[in-house]
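Below: one structure, written as structure tokens.
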Amino acid sequence: MIITDANELAGELHDRMPVILEPEQFEARLTGAAGLELLKPAANDVLQCWPVSRRVNSSRASDDDASLVEAVAIGTGGNAQQMHV
0 MIITDANELA GELHDRMPVI LEPEQFEARL TGAAGLELLK PAANDVLQCW
50 PVSRRVNSSR ASDDDASLVE AVAIGTGGNA QQMHV
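Quick note on numbering: numbering that gives the first Met the number 0 labels position 34 of the sequence shown as 33, and the sequence is numbered without any gaps.
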């Protein structure tokens with residue numbers, strides 16, 4: 000994984016983020032035709048962010064539990080403190 004500075008959206012949660020390549024950039028990166036110019040923060044519209052249940056951090060939660068990334072209301076039952084990006 001290659002890490003870069005956070006974009007505006009991810010920066011609300013953390014100061015770094017993984018580099019996210021667009022499909023048209025894959026070949027240039029894999030063949031070495033492109034260099035460091037691709038290793039930059041993603042555009043702000045590439046990711047989405049919403050509050051999720053604290054269960055997302057539980058080692059007891061099933062890996063295939065789709066409800067872990069469903070949006071929850073902030074402040075309900077002390078259960079909505081994590082953000083999913």
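All residues carry an ideal CB built from backbone N, CA and C; glycine is no exception.
Pairwise C-beta distances place the segment 58-69 out of contact with the segment 15-35, as fewer than three of them are shorter than 8 angstroms. Using a C-beta cut-off of 8 angstroms, the segment 37-47 makes contact with the segment 0-13, since at least three inter-stretch Cβ pairs fall below that distance.
Taking the Cα positions, Leu38 is about 31 angstroms away from Arg53. Residue state for Val45 is assigned as coil, using DSSP reduced to three classes. DSSP places Arg28 in the uninterrupted alpha helix (DSSP H) bounded by 25-30.
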